[in-house]
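> Be aware that the sequence shown starts at 3, since it is given in the working numbering, and climbs by one per residue.
All C-beta atoms, glycine included, are put in the ideal place defined by N, C-alpha and C.
Since the model is a prediction, treat every value here as computed from it, not as a measurement.
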Amino acid sequence: MITRARAAIIALAVVAAGLSACWHSANPGAPNTQGGSPVPATEFGPVIVMAASSLDLRGMARSLATRAAYLEERLGIRVRIRVLADPQIFHARVREDAYDLVDLAPFDYVRARQEAGVEPVAGQDRSDSFAYRGLIVSATPQIRALQDLRGRRVAYVDLHSASGYLYPLAMCLDAGIDPFRDFASFTGVGSHANVLIHIMEGRYDAGFTYPQAYADHVPAAERTRVRIIAETPLLPNWCVALSRSFVARDSALAERIRTALLAPDARTGSSLPFRAVSDTEFAAVRRVAA
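1) Classify GLU74: buried if its beta carbon has 16 or more other beta carbons within 10 angstroms, exposed otherwise.
2) Less than 7 Å between C-beta atoms, sequence neighbours within five positions excluded: which residues of the same chain meet that for PHE284?
3) Does the beta carbon of ASP267 sit closer than 7 Å to a beta carbon anywhere in chain C?
4) Quick check on GLY61: does DSSP put it in helix, strand or coil?
5) From which residue to which residue does the beta strand (DSSP E) around PRO2 run?
6) Just checking, does the stretch 132–149 make contact with the stretch 182–196 on the three C-beta pairs under 8 Å criterion?
7) For ASP180, which of helix, strand or coil comes out of DSSP?
8) I think ALA277 touches GLY125, with their Cβ atoms under 8 Å apart; what is that distance to the nearest whole Å?
9) What are the start and end residues of the alpha helix (DSSP H) that includes ASP218?
10) Following the continuous beta strand (DSSP E) through VAL120, name the residue where it begins and the one where it ends.
11) Based on the DSSP output, what are the partners of LEU137 in its beta bridges?
12) Looking only at its chain, what residues have a beta carbon closer than 7 Å to the beta carbon of ARG207, apart from the 5 residues adjacent to it on each side?
13) Out of GLU121, ALA254, TYR212, which one is the CA nearest neighbour of TYR158?
14) Looking only at DSSP bridge pairs, what is ILE83 linked to?
15) Assuming ASP127 and PRO275 are in contact, meaning their beta carbons sit under 8 Å apart, how far apart are those beta carbons, in whole angstroms?
16) Just how far apart, CA to CA, sit GLY119 and ARG227?
17) According to the neighbour-count rule (16 or more other Cβ atoms, all chains shown, within 10 Å of its Cβ), is ALA70 buried or exposed?
18) Among residues of its own chain, excluding the 5 on either side of THR234, which ones have a beta-carbon nearer than 6 Å to its beta-carbon?
19) Thinking just about the alpha-carbon of each residue, which of SER65, ALA195, LEU151, SER245 is nearest to the one in ALA186?
20) Report the rounded CA-to-CA distance for GLU98 versus ALA222, giving the unit in angstroms.
21) Enumerate in chain order the residues of its own chain whose CB-to-CB distance from ALA23 is below 7 Å, with the five nearest sequence positions on each side excluded.
22) Confirm, please, whether the CB-CB distance from ASP88 to SER245 is below 7 Å.
23) Which of the three DSSP states is assigned to ARG146 in this structure?
24) How about SER55 and VAL96: are their beta carbons less than 7 Å apart?
25) By Cβ distance below 8 Å, which residues in the same chain neighbour VAL197 in space, the five residues on each side in sequence not counted?
26) Just the Cα atoms here: how many angstroms apart are LEU148 and ALA243?
27) With distances taken Cα to Cα, identify the nearest neighbour of ILE199 among ILE79, GLU224, GLU257.
28) Which value, in whole angstroms, describes the spacing of the CA atoms of ARG251 and ILE201?
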């Protein structure tokens with residue numbers, strides 16, 4: 003019997019196939035835009051690009067489809083995309099090296115580096131007005147500072163979210179507030195959008211999120227009521243990483259993919275350009291997650 007979670011994954015595969023031909027590319031000889039003869043699409047591949055999303059499966063699939071189409075066109079390889087809804091299944095696939103290229107949130111990257119030896123390649127350039135950081139947001143007039151959270155109902159995203167759980171949690175602890183002891187309730191609600199919707203509707207007094215979600219889900223007219231009461235320092239953003247087995251199997255192709263993703267004209271599926279990232283940037287994530 004097919005479980006509901008499994009059915010969702012199967013359905014996502016069908017959606018991704020409809021979004022881009024790169025789910026099962028049949029291009030027999032794509033041009034090599036870096037010079038030389040066309041590269042047979044079957045020479046290397048397909049390359050598996052994987053990501054997880056518990057919120058916007060179709061959006062993630064569209065993003066990966068854009069990137070996959072770009073890599074097929076630029077490098078003359080076949081690319082398949084996989085988007086998984088269940089984080090436990092996702093991490094199991096990461097441990098199994100069931101991919102070649104994977105998108106990882108900061109906490110997921112630290113875990114994947116420890117468990118599977120992934121190699122970071124690229125990430126969003128965060129010199130944007132929506133710098134990646136954690137926020138604590140409230141629509142309750144009496145809450146104006148961290149200390150005012152005592153005895154309040156507080157929502158977070160989930161236990162794996164850096165900006166929606168780990169970093170605001172660490173900020174509270176550093177301020178002498180223990181959310182598990184001092185809050186009236188401390189509840190995971192599954193997504194940044196849910197955190198903000200629940201706050202606006204009065205189900206929770208405050209919540210953990212990040213700037214882009216706040217901009218996307220809190221209307222401008224509501225921002226005097228739904229206020230940012232605290233923010234963390236800048237955080238490492240999500241990254242794209244190569245699997246250890248892929249690098250060992252074909253280091254030359256891995257390097258070509260790295261170069262392609264960092265090219266100024268790269269179509270990455272991201273709203274921001276990519277830049278090179280290194281493992282050292284995630285030291286602060288390790289400290290918070292420890």
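According to the data block:
1) For this step, residue 74 is matched to residue 72 along the sequence shown. Buried, by the Cβ-count rule.
2) Here residue 284 corresponds to residue number 282 of the sequence shown, with the count starting at 1. Counting only Cβ-Cβ distances below 7 Å, and skipping sequence neighbours, we find PRO108, TYR111, VAL112, PRO238.
3) Structure shown: chain C not included; a single protein chain is present.
4) Along the sequence shown, one-based indexing puts residue 61 at 59. Three-state DSSP puts GLY61 in a helix.
5) The shown model of the chain, from 3 to 292, leaves out residue 2, and the question about it has no answer.
6) Judged by Cβ distances under 8 Å, the stretch 132–149 makes no contact with the stretch 182–196, as fewer than three pairs qualify.
7) As a working mapping, residue 180 is identified with position 178 in the sequence shown. In this structure, ASP180 counts as coil in the three-state DSSP scheme.
8) On the sequence shown, residue 277 is found 275 positions in, with the first residue counted as 1. On the sequence shown, residue 125 is found 123 positions in, with the first residue counted as 1. The identity of residue 277 in the sequence shown is Arg, whereas the question assumes Ala. So it is a contact: roughly 7 Å between Cβ atoms.
9) Indexing the sequence shown from 1 puts residue 218 at position 216. Its alpha helix (DSSP H) spans residues 213–219.
10) If you number the sequence shown from 1, residue 120 lands on position 118. No beta strand (DSSP E) holds VAL120; DSSP gives it neither H nor E.
11) If you number the sequence shown from 1, residue 137 lands on position 135. Per DSSP, THR211, GLU233.
12) Locating residue 207 in the sequence shown gives position 205, counting from the first residue. Correcting the residue type first, residue 207 is Asp in the shown sequence and not Arg. Around ASP207: SER140, THR142, ILE145, ARG154, ARG155, VAL156.
13) As a working mapping, residue 158 is identified with position 156 in the sequence shown. Here the closest residue by C-alpha is TYR212.
14) In the sequence shown, residue 83 corresponds to position 81, counting from 1. DSSP, once it has assigned bridges, lists VAL51 as partnering ILE83.
15) What you label residue 127 is simply residue 125 of the sequence shown in a count that begins at 1. What you label residue 275 is simply residue 273 of the sequence shown in a count that begins at 1. Right, their Cβ atoms sit about 5 Å apart.
16) As a first step, residue 119 must be located in the sequence shown, where it is residue number 117. As a first step, residue 227 must be located in the sequence shown, where it is residue number 225. Going by the C-alpha atoms only, they are around 45 Å apart.
17) Residue mapping note: residue 70 aligns to position 68 of the sequence shown, counting from 1. Counting Cβ neighbours within 10 Å, ALA70 comes out buried, since at least 16 surround it.
18) Position 232 of the sequence shown, counted from the first residue, corresponds to residue 234. Counting only Cβ-Cβ distances below 6 Å, and skipping sequence neighbours, we find ARG135, GLY136, TYR169, MET173.
19) As a working mapping, residue 186 is identified with position 184 in the sequence shown. Ranking the options by Cα distance to ALA186, first place goes to LEU151.
20) Walking along the sequence shown from the start, residue 98 turns up at place 96. Walking along the sequence shown from the start, residue 222 turns up at place 220. If you take the alpha carbons of GLU98 and ALA222, they lie about 44 Å apart.
21) By 1-based counting over the sequence shown, the position of residue 23 is 21. Note on ALA23: pLDDT 31, under 50, position unreliable in the model; the coordinate value appears next. Hits under 7 Å: none found.
22) Reading the sequence shown from its first residue, position 243 is the one you call residue 245. Reading the sequence shown from its first residue, position 86 is the one you call residue 88. With a cutoff of 7 Å on beta-carbon distance, SER245 and ASP88 are scored as not near each other.
23) For the purposes of this step, residue 146 is taken as residue 144 along the sequence shown, with counting starting at 1. Of the three classes helix, strand and coil, the one that applies to ARG146 here is coil, per DSSP.
24) The residue you call residue 55 lines up with position 53 of the sequence shown. The residue you call residue 96 lines up with position 94 of the sequence shown. No.
25) For the purposes of this step, residue 197 is identified with residue 195 of the sequence shown, where counting begins at 1. Counting only Cβ-Cβ distances below 8 Å, and skipping sequence neighbours, we find VAL139, ALA157, TYR158, VAL159, GLY166, VAL191, TYR206, GLY209, PHE210, THR211, ALA215.
26) As a first step, residue 148 must be located in the sequence shown, where it is residue number 146. As a first step, residue 243 must be located in the sequence shown, where it is residue number 241. Cα to Cα, LEU148 sits roughly 35 Å from ALA243.
27) For the purposes of this step, residue 199 is taken as the residue at position 197 of the sequence shown. Its Cα nearest to that of ILE199, the residue GLU224 stands out among ILE79, GLU224, GLU257.
28) For this step, residue 251 is matched to residue 249 along the sequence shown. For this step, residue 201 is matched to residue 199 along the sequence shown. For ARG251 and ILE201, the distance between alpha carbons rounds to 49 Å.
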